[in-house]
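Everything on this sheet refers to the single structure shown next.
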Amino acid sequence: MAAMNVKPTRSELIKLRKSIKLAESGYKLLKKKRDGLILEFFNALKDAKDVRKELNEKYNIAYKKLQHSIALDGIVEIKTLSMALKERPSVELEVRNVMGVSIPVIKHGTIRKSLMERGYGLFSSSIRMEETAKSYEELLELIVKTAETETKLRNILIEIEKTKRRVNSLEYIVIPRLKEAAAFIAFRLEELDRENIFRLKKIKQKITV
Numbered sequence: 028m029a030a031m032n033v034k035p036t037r038s039e040l041i042k043l044r045k046s047i048k049l050a051e052s053g054y055k056l057l058k059k060k061r062d063g064l065i066l067e068f069f070n071a072l073k074d075a076k077d078v079r080k081e082l083n084e085k086y087n088i089a090y091k092k093l094q095h096s097i098a099l100d101g102i103v104e105i106k107t108l109s110m111a112l113k114e115r116p117s118v119e120l121e122v123r124n125v126m127g128v129s130i131p132v133i134k135h136g137t138i139r140k141s142l143m144e145r146g147y148g149l150f151s152s153s154i155r156m157e158e159t160a161k162s163y164e165e166l167l168e169l170i171v172k173t174a175e176t177e178t179k180l181r182n183i184l185i186e187i188e189k190t191k192r193r194v195n196s197l198e199y200i201v202i203p204r205l206k207e208a209a210a211f212i213a214f215r216l217e218e219l220d221r222e223n224i225f226r227l228k229k230i231k232q233k234i235t236v
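So our numbering is basically just the index in the sequence shown, starting at one, shifted up by 27.
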C-alpha cells in the first residue's frame, strides 16, 4: 500500500533512501537501549528480591519484639512512649534519568534515634521497649529502600515494553514499508528509462529513414 502512495521520482527515491538509513540507525540504537534495559532490569530484580527478603525477615523480628513488649509492658505504655517522639524523619523524593527511565531516589532524615531523641529517658522505658523501637526504625529504613527499589524495577519494565514496541514497529512496519516504497519507485524509474530509450530509438529510426 505504501508503494502506491508515493511519487515515482528520483528526488522521492533519494528521500526514501535517507529515511531508510535513518530508520535503520534508530532501530540499532533502540535495540541497544532495549538490551541495556533488560540487563538493568535483571540487576534491579535481584536487588528487589534481596531487599524484599530482608524486609520480611526484619518485619517478623520487629513484630515478635512488639508482641513481647505488649505482653510485658502493656499497650498503653507503648502508645504513650511512641507519642513522645520529638522529631519525625523527613522524606524527600528525587528523580534521576537513566536510559530514559525515571529512577526514584528517596532521601530521608535520620530514622534511627538515640534514647534521648526518642523523647523519653532511660528510666521511662524498658530494654524490651528500646529493642522494639530499634527494630522498627531498622524496618522503616528497609521499607523506604524497598519502595525505591521496586519502583525502579517497575519503571524499567515499563520502559522496556515501550522500547520493544518501537523496535518492533521499526523492524516489522516502518522499515519494510519504506523499502517497499523505494523498490516500487526504483522499478518505475527503470520502466520509464526503458520507455525513454525505446522512444529515442524510434525517433532515431524515423530520422535515418
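The C-beta atom is built at its ideal place from N, Cα and C for all residues, glycine as well.
Residue range of the beta strand (DSSP E) that includes residue i
i      : result
Leu120 : 118-125
Residues bridged to residue i (per DSSP)
i      : result
His10  : Because residue 10 is not part of the residues shown, which for the chain are 28 to 236, the question remains open.
Thr132 : The amino acid occupying residue 132 in the given sequence is Val; Thr does not appear at that position. Its beta-bridge partners are Glu121.
Endpoints, alpha helix (DSSP H) assigned at residue i
i      : result
Arg204 : 202-235
Tyr163 : 154-196
Thr107 : 102-109
When the options are compared against residue i, the one with the closest alpha-carbon
i      : options                        : result
Leu93  : Ser52, Glu157, Glu217          : Glu157
Ile187 : Lys59, Tyr199, Lys45, Arg226   : Lys59
Ile154 : Leu82, Glu177, Leu99           : Leu99
Glu119 : Ile105, Ala210, Pro131, Glu81  : Pro131
Lys76  : Ala210, Lys161, Lys172, Ala208 : Lys172
Glu81  : Ala210, Tyr199, Ala208, Ser162 : Ser162
Lys179 : Ile41, Arg44, Ile224, Phe69    : Phe69
Lys34  : Ala71, Ala210, Lys233          : Ala210
Val128 : Ala160, Asn87, Ala71           : Ala71
Ala160 : Ile183, Leu227, Tyr90          : Tyr90
Asp74  : Asn87, Glu177, Ile102, Lys106  : Glu177
Leu40  : Tyr199, Pro116, Leu205, Thr107 : Leu205
Leu184 : Phe214, Gln232, Arg61, Glu175  : Arg61
Glu175 : His135, Pro203, Lys189         : His135
Glu198 : Thr36, Asn32, Lys42, Ile47     : Ile47
Lys45  : Ala208, Ser96, Leu227, Val103  : Ala208
Leu57  : Lys189, Lys106, Lys233         : Lys189
Residue i burial status per 10 Å Cβ neighbour count (16 or more: buried)
i      : result
Ser38  : exposed
Phe150 : Annotation note: pLDDT 46 at Phe150 (below 50); position unreliable, no value reported.
Ile230 : exposed
Val201 : buried
Leu49  : exposed
Ile212 : buried
Arg115 : exposed
Ser117 : exposed
The ligand MN heavy atom lying under 7 Å from the CB of residue i
i     : result
Lys55 : Judged by which ligands are present, the structure shown has none, so any question about the ligand MN falls away.
Cβ pair count under 8 Å reaching 3, the segment 204-220 against the segment 162-171
no
At least three beta-carbon pairs within less than 8 Å, the segment 116-124 to the segment 58-66
Counting C-beta pairs closer than 8 Å gives fewer than three between the segment 116-124 and the segment 58-66, which falls short of the contact rule.
Three CB pairs or more closer than 8 Å across the segment 49-57 and the segment 188-201:
yes
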